[in-house]
Amino acid sequence: MASPNILKPICLLGIALTLTTITPTMANSTPKDFVDAHNAIRAEVGVEPLKWNETLATYAQKYAESKITTCEMEHSGGPYGENLAVGYEGITAETAVKLWADEKKHYNHASNSCGNDPTHCVHYRQLVWKNTTSIGCAQVTCQNNWIFVICCYYPSADSIKQRPY
């Protein structure tokens, strides 16, 4: 029979493995990763850098956790500006922000338009909105192994009629 001292680590390992499979997991991005990725894009158009906001991060985390079973790209309808992304393996703060920033190709600053469809650059506009001062983001691994990313912005981009910068 195995010694009780040997069984303790084995039992603890079993408990730890069980908990990691049922507990929401955070992907590897840090608050600094999100802030740096945002601020790099904002610097390109000369708007002020953003700061991390724990209230926004907590809101984002709670909402992200509510999406773990479905991983569905649905906005929270909450009081903050919001960008969402879903990806499989390796989606990071940088790749999520790049997805939103890639909408710049649809944005015409001279006419303040996004081509024929204003939704073609709504994420980019939020990303570079000059009045936004803070962000809070979260990412979780969903049950289907996709990664759900949300960033909340304060104040939010409040009008498609105004130029973001």
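Numbered by mature numbering (1 follows the signal peptide of the UniProt record, and there is no 0), the letters in the sequence shown go through residues -27 to -1, 1 to 138 in order.
Think of the CB as a built atom: it goes at the ideal place given N, C-alpha and C, for glycine as much as any other residue.
Exposed or buried, residue 33, counting other C-beta atoms within 10 Å across all chains shown (16 or more means buried)? Classified as buried, residue 33 has 16 or more neighbouring CB atoms from the shown chains inside 10 Å of its CB.
Could you tell me which uninterrupted beta strand (DSSP E) segments, each at least 3 residues in length, are contained entirely in the stretch 81 to 124, listed from first to last along the chain? Those beta strand (DSSP E) runs which fall completely within the stretch 81 to 124 and span 3+ residues are 107 to 114.
Quick one, which of 48, 37, 41 has its alpha-carbon nearest residue 116's? When only C-alpha atoms are compared, the closest one is 41.
According to DSSP, is residue 56 part of a helix, a strand, or is it coil? In the structure shown, residue 56 sits in a strand (DSSP, three-state: E or B).
Are the Cβ atoms of residue 29 and residue 127 separated by less than 8 Å? With contacts defined by Cβ atoms closer than 8 Å, residue 29 and residue 127 form a contacting pair.
Should residue 61 and residue 129 be called a contact, given that it needs their Cβ atoms to be closer than 8 Å? Against a cut-off of 8 Å, the Cβ pair of residue 129 and residue 61 comes out as no contact.
For residue 120 and residue 37, the rounded distance between their alpha carbons: Rounded to whole angstroms, residue 37 and residue 120 show a C-alpha spacing of 10 Å.
Going by beta carbon distance, what residues of the same chain come within less than 6 Å of residue 7, once the five residues before and after it are set aside? The residues are 66, 110.
If I'm right that residue 123 touches residue 55 with Cβ under 8 Å, what's the distance once you round it to whole angstroms? Sure, about 6 Å apart at Cβ, within 8 Å.
I'd like the list of long-range same chain contacts for residue 2, defined as Cβ closer than 7 Å, with 5 residues on each side in sequence excluded. Excluding positions up to five away in sequence, the list reads 65, 66, 112.
Contacting residues, own chain, Cβ-Cβ under 6 Å from residue 98 (five flanking each side not counted): In the same chain as residue 98, and ignoring 5 residues on each side of it, the C-beta atoms closer than 6 Å to its own belong to 130, 137, in chain order.
In terms of DSSP beta bridges, what is residue 61 paired with? Its beta-bridge partners are 119.
Spatially closest choice to residue 92 from 106, 4, 132, 108, by CA coordinates: Nearest C-alpha to residue 92: 132.
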